[in-house]
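Asks: Quick one: structure below, then a few questions.
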Amino acid sequence: MPAPPYPEEVRARLAADAAELIGRYPQARSALLPLLHLVQAEEGFVSRTGIRFCAEQLELTTAEVTAVATFYTMYRRRPAGKYHVGVCTNTLCAVLGGDRIFADLQEHLGIGNNETTEDGEISIEHIECNAACDYAPVVMVNWEFFDDQTPQSARRLVDDLRAGREVRPTRGARLCGFKETARILAGFPDERPGANDESGAGGGPSLAGLRLARGEALPGTGGTKVVAPRHEAPRPEATGTGPEATSHEGTGTGPEAKGTEAKGTEATGTGQEGTEA
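Numbering-wise, the sequence shown is residues 253 to 529 according to my numbering.
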């Protein structure tokens, strides 16, 4: 059966928001991803009604909208909790404990993957990558980072959320509900005072590679510079660029190998005798 429409007052409100989003793009259908976040902000997931609404606004078929909504994993197809907890189980996080964290949370909360607790507070999902390997294992709550997690810290996290205690992400803005987060992802401003100033920047693990590239020594390394800075000549024994590495005999770059003498050109076919052949 066709999906039911939104109640008229809800539809009118969402239509005004949708018009603003669509107006940002030269082609209306380019606004589909923000519109899906918009309807997710309304119901906590992308429902059949939400898909119908997006299709009507963009003059698409519901099949076209569904194809996009089911491709991107940030769009939920069943109601999410007020706090949606994503546990990275991709390679690095898994090796460092992500699989154990996810299994422990399922047991602790009594729910499975993509399920929500009876009080509607917590839903959990295993996700492929949080793009935060330098802080593995990582858990995200409503797409805010909680770094360097353990099964014990993850249990405390969800318990604090269910109890209504304040929880601060490791980096990034303070938490808001899943629906509020979805509206921000749709492209509307975060109206909470000071929230936009809390986004932070890369921490020590993220900047380690930059420091190494600059030739700096990292803390705890005893002053060892793993990568030589660009303004310093590399050590021959470390890089293989010294005289020993570039000798005629060792690398084959001398006259005998390159054929720059008369006799050598016979081997390469680039000298007088070689070109006649």
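Cβ coordinates follow ideal geometry from the N, Cα and C atoms, glycine included. Note that the structure is predicted; figures quoted are calculated from it, not measured.
#1: Give a yes or no on contact between the segment 254 to 267 and the segment 275 to 285, applying the rule of three or more CB pairs nearer than 8 Å.
#2: Examine the Cβ distances between the segment 354 to 371 and the segment 319 to 327 and report whether three or more of them are shorter than 8 Å.
#3: Note down, in chain order, each residue of its chain lying with its Cβ closer than 6 Å to the Cβ of N382, except the 5 sequence neighbours on either side.
#4: By the 10 Å Cβ neighbour count, where 16 or more other Cβ atoms means buried, how is N448 classified, buried or exposed?
#5: Examine the ligand PLP and report whether any of its heavy atoms sits within less than 7 Å of the Cβ of S458.
#6: If you measure between the beta carbons of A321 and L290, is that distance less than 8 Å?
#7: Considering only residues of the same chain and omitting the five flanking positions on each side of A490, which have a CB-CB separation below 7 Å?
#8: From the DSSP output, in three-state form, read off F323 for me.
#9: On the three-state DSSP scale, how would you describe T368?
#10: If you run the structure through DSSP and keep just helix, strand and coil, what is E377?
#11: Could you give the first and the last residue of the continuous alpha helix (DSSP H) run that contains C345?
#12: Quick check on this structure: which residue in Y387, L409, V410 has the alpha carbon closest to the alpha carbon of D399?
Replies: The structure says:
#1: No, the segment 254 to 267 is not in contact with the segment 275 to 285.
#2: Result no; under three Cβ-Cβ pairs closer than 8 Å.
#3: As a working mapping, residue 382 is identified with position 130 in the sequence shown. Answer for N382: C340, V390, M392, listed in chain order.
#4: Within the sequence shown, residue 448 is the residue found at index 196, counting from 1. Exposed, because fewer than 16 other Cβ atoms sit within 10 Å of the Cβ of N448.
#5: Looking at this structure, you won't find the ligand PLP or any other ligand, since it has none at all.
#6: To locate residue 321, count along the sequence shown from 1; it is residue 69. To locate residue 290, count along the sequence shown from 1; it is residue 38. Cβ distance not < 8 Å, so A321 and L290 don't count as in contact.
#7: Here residue 490 is taken as the residue at index 238 of the sequence shown, counted from 1. Confidence in A490 is poor, its pLDDT being 49 and thus under 50, which makes the residue's placement too unreliable to answer from.
#8: Counting from 1 along the sequence shown, the entry for residue 323 is found at position 71. Three-state result, F323: coil.
#9: Looking up residue 368 in the sequence shown gives position 116. Under the three-state reduction of DSSP output, T368 falls in the strand class.
#10: As a position in the sequence shown, residue 377 is number 125, starting the count at 1. Strand.
#11: Start at 1 with the first residue of the sequence shown, and residue 345 comes out as number 93. That run of the alpha helix (DSSP H) goes 343 to 347.
#12: Within the sequence shown, residue 399 is the residue found at index 147, counting from 1. When only C-alpha atoms are compared, the closest one is Y387.
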